[in-house]
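Everything below concerns the one structure shown next.
Protein chains: 4
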Amino acid sequence: MQKLFAVISESLKDLYDQKKVEKFIDAIEGSKRIFCSGIGRSGLVARAFAMRLMHLGYEAYVIGETITPRIELGDLLIAVSGSGETPIIVAFAKKTKEIGAKVVAVTSKADSSIAKIADLTIVLKSKFGKEISKFAPLGTLFEITALIFLDGIVAEIMEKKNISEDKLARRHSIENEVGL
Amino acid sequence: MQKLFAVISESLKDLYDQKKVEKFIDAIEGSKRIFCSGIGRSGLVARAFAMRLMHLGYEAYVIGETITPRIELGDLLIAVSGSGETPIIVAFAKKTKEIGAKVVAVTSKADSSIAKIADLTIVLKSKFGKEISKFAPLGTLFEITALIFLDGIVAEIMEKKNISEDKLARRHSIENEVGL
Amino acid sequence: MQKLFAVISESLKDLYDQKKVEKFIDAIEGSKRIFCSGIGRSGLVARAFAMRLMHLGYEAYVIGETITPRIELGDLLIAVSGSGETPIIVAFAKKTKEIGAKVVAVTSKADSSIAKIADLTIVLKSKFGKEISKFAPLGTLFEITALIFLDGIVAEIMEKKNISEDKLARRHSIENEVGL
Amino acid sequence: MQKLFAVISESLKDLYDQKKVEKFIDAIEGSKRIFCSGIGRSGLVARAFAMRLMHLGYEAYVIGETITPRIELGDLLIAVSGSGETPIIVAFAKKTKEIGAKVVAVTSKADSSIAKIADLTIVLKSKFGKEISKFAPLGTLFEITALIFLDGIVAEIMEKKNISEDKLARRHSIENEVGL
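Chains as they are written, first to last, in numbering that gives the first Met the number 0: chain G, 0 to 179; chain L, 0 to 179; chain U, 0 to 179; chain H, 0 to 179.
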């Protein structure tokens with residue numbers, strides 16, 4: 000467990016990239032609606048971000064959920080895929096580009112299929128190799144750093160637009176509080 | 000299986016209630032946003048309806064999904080519960096009333112807790128007793144008739160507002176068609 | 000709304016096909032685990048069936064949910080797709096066949112891609128044409144008849160294996176009843 | 000963003016508690032089935048953990064998903080709630096105790112309702128106050144540290160039971176790889 004913590008702390012040192020952060024926020028700000036997508040645990044990270052985008056006041060959706068409309072011109076797809084090769088996510092990105100909407104990829108591979116399709120790619124590159132697979136199996140490190148990076152984007156948007164925690168809390172679903 | 004079919008066909012004969020249908024559509028039309036909720040298979044029925052509401056152009060949500068905002072004054076909760084006593088759904092309905100928003104209950108029990116809270120109750124009453132539990136166990140008949148009734152509401156709205164199938168299709172999620 | 004009801008009642012007359020029902024139940028009984036899948040409202044129908052399979056005592060999963068394991072030899076995929084061409088579902092079916100597991104397709108098109116891949120195809124053919132699209136848009140009729148047919152399968156299994164409603168109720172999630 | 004990273008790195012220093020880790024793993028190992036639950040982003044963290052439990056070979060479920068059976072004697076509920084007061088989660092925990100099954104709470108409040116009910120409470124206490132709400136709003140820090148802590152539990156189980164990444168990968172859903 001402590002090895003995992005050390006690897007995460009070490010990874011956080013390189014996570015900030017001012018230019019990419021600004022471009023990412025510009026993409027969000029410049030879009031009509033924002034669609035988040037990912038498969039497996041990357042999908043959970045995409046959802047965690049979508050929820051905060053909603054709290055921040057954006058019109059955000061998760062592909063695969065019930066009321067998600069069709070992506071249109073002017074919309075943005077945020078595609079989360081560690082390998083950058085998850086076939087369903089690559090297909091969503093291609094379709095999004097066909098429609099004429101934009102794609103931001105969040106991936107650990109700068110030369111992946113998703114990175115080639117995306118208008119902007121956030122590369123959360125691991126400086127660690129196969130040796131961490133014993134305590135951070137499969138996409139673990141990517142998923143954790145992606146969640147943290149995306150929460151960092153939330154922090155940047157809060158600061159930039161001067162949005163308080165209270166304002167976010169006001170959009171919290173009643174599921175959190177029903178006086179059962 | 001054929002007994003189930005017979006029971007459903009028989010149930011469809013009583014499903015239409017013009018006044019209730021009109022009031023239900025008025026509630027939908029008169030609301031800013033529509034929140035659908037249900038637990039278990041009733042929740043799946045609620046989602047099926049929420050998806051069509053989105054296709055029809057309404058701002059619809061499913062409680063429990065990622066980007067569902069807080070219910071506010073002017074919104075509508077559609078609560079689907081066969082027994083009318085599902086505790087989480089009753090709690091959602093109470094909270095919705097506290098907030099000052101409206102509740103439509105879809106239930107099989109006219110005197111249930113949810114019916115008492117709701118502004119409008121759609122009672123999908125079964126004329127069958129315990130004898131159908133051998134081939135329509137638990138809430139099966141309620142769930143099927145609720146889905147059909149709610150799809151009937153979709154049909155009524157399409158006619159009333161002259162909305163074509165094509166217009167619905169245009170909002171279909173890319174998940175249905177990605178050219179994989 | 001009443002036109003929709005008439006169309007459903009009419010459709011129920013042709014829904015029963017004893018041979019197909021027996022083969023379908025054999026496929027379920029002969030499998031180690033059962034994976035249900037569908038996109039959009041067909042996915043909701045697939046889930047409604049998966050829940051009842053669990054209630055009946057089978058090891059059932061829904062593709063796309065959190066704890067769904069990999070399909071293996073000996074497993075069964077139930078693929079619900081009205082058009083029989085939903086790309087993600089066709090891809091799941093192909094992958095399932097590659098792995099050596101079985102596929103049952105539930106579709107309205109006997110000559111669709113999914114029907115060609117499947118070991119067994121349940122065709123819920125509509126005797127109605129484009130004229131019903133004004134009150135039963137998109138896959139509405141397929142989705143309703145698929146739900147009813149699959150609930151009919153549940154009825155048949157209950158009878159065949161002498162499973163009572165009480166036994167199903169014992170597996171109901173605590174979500175339905177938490178004493179809030 | 001960098002303030003968030005600093006706060007996370009700082010939090011990781013206190014996250015490891017050998018005794019609690021051992022007790023938590025004992026609870027998992029000693030249970031027949033493991034049910035994960037949480038509302039909102041805590042629910043996404045619960046799901047991320049449930050998926051890895053499945054990859055590790057445990058019978059894991061997420062409350063609210065389709066095929067989740069009833070909790071029974073011998074089972075374990077893992078309840079994730081930052082405040083420890085989320086009413087639905089508290090209700091699940093109470094119900095679980097009534098049934099006679101065990102509860103592990105993952106929370107930031109040692110004296111919360113959920114902590115009082117739980118057999119074992121993992122307290123992920125924040126050493127930061129209200130001042131972090133500007134860049135880590137609502138439960139952000141709890142959710143991130145909960146995900147990391149639970150992934151740390153996965154790492155510990157892998158080491159203890161000598162489970163390789165390959166073994167986990169073999170249970171990966173076909174959703175990740177369908178050759179679309």
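Positions of the beta carbon are idealized from the N, C-alpha and C atoms, including for glycine.
H/Y60 is outside the set of residues whose beta carbon lies under 8 Å from a beta carbon in chain G. Residue contact with chain H for G/L14: present (Cβ-Cβ distance below 8 Å to some residue of chain H). For L/V153, no beta strand (DSSP E) segment is defined; the enclosing uninterrupted segment is the alpha helix (DSSP H) at 139-159. Of all residues in the segment 35-57 of chain U, only R46, A49, M50, M53 place a beta-carbon less than 7 Å from a beta-carbon of chain H.
For U/F23, the CB contacts under 8 Å within the same chain, skipping 5 residues up- and downstream, are V103, L119, I121, I152 in chain order.
For the segment 97-109 of chain L, the set of residues with a beta-carbon nearer than 7 Å to any beta-carbon of chain U is empty. Going by DSSP, L/F34 is part of the beta strand (DSSP E) stretching over 33-36. Measuring C-alpha to C-alpha distances from U/F48 to each of U/A154, U/R169, U/K160 identifies U/A154 as the nearest. The beta strand (DSSP E) runs of length 3 or more contained entirely in the segment 46-77 of chain U are, from start to end of the chain, 59-61.
In summary, the residues of the segment 136-147 of chain U whose CB is separated from some CB of chain L by less than 8 Å are P136, L137, T139, E142, I143, L146, I147, in the order they occur in the chain. Within chain H, not a single residue places a beta-carbon under 9 Å from that of G/E21; the smallest gap is close to 11 Å. Counting along the chain, the unbroken alpha helix (DSSP H) around G/V89 starts and ends at 86-98. Flagged as an interface residue toward chain G: H/K133, by a C-beta distance shorter than 8 Å. Interface annotation, G/R69: in contact with chain L, CB-CB separation under 8 Å. Within chain U, the residues placing a beta-carbon under 9 Å from that of G/I87 are I87, A90, ordered along the chain. With its beta carbon at least 8 Å from every one in chain U, H/K160 lies outside the interface. Residue range 112-116 is occupied by the alpha helix (DSSP H) that includes U/K115.
Judged by their CB atoms, H/L3 and G/D74 are not nearer to each other than the 8 Å cut-off.
In this structure U/R169 is exposed. Its beta-carbon is surrounded by fewer than 16 other beta-carbon atoms within 10 angstroms.
Distance between G/T106 and H/T85, taken at the CA atoms: about 33 Å. In this structure, the CA atom of U/Y57 is about 11 Å from the CA atom of U/L167. Contact between G/S36 and G/I66 is ruled out by a C-beta separation of about 15 Å, above the 8 Å threshold.
Per DSSP, the continuous beta strand (DSSP E) segment holding U/K101 begins and ends at 101-106. Under the DSSP assignment, G/V122 falls in the beta strand (DSSP E) whose first and last residues are 119-122. Closer than 8 Å to the CB of H/G63 there is at least one CB belonging to chain L. Residue pairing by DSSP places G/V79 opposite G/G37, G/V105 in a beta bridge. For H/A168, the uninterrupted alpha helix (DSSP H) run begins and ends at 164-168, by DSSP.
In the three-state scheme derived from DSSP, where H, G and I count as helix and E and B as strand, U/E130 is classed as helix. Residue state for L/D25 is assigned as helix, using DSSP reduced to three classes.
With respect to chain G, the C-beta atom of H/L149 has no partner C-beta closer than 8 Å.
Closest in C-alpha terms to L/G81, from the list L/T139, L/T95, L/A92, comes L/T139.
Rounded to the nearest whole angstrom, the C-alpha separation of U/K96 and U/R46 is 21 Å. Taking H/I33 as reference, the option from H/F148, H/E176, H/I77, H/I143 with the minimal CA-CA separation is H/I77. The Cβ-Cβ distance between G/I156 and G/L55 falls below 8 Å. Cα atoms of H/R51 and L/K126: separation of roughly 47 Å, rounded to the nearest angstrom.
For the pair U/S112 and U/L123, the Cα-to-Cα distance works out to about 15 Å.
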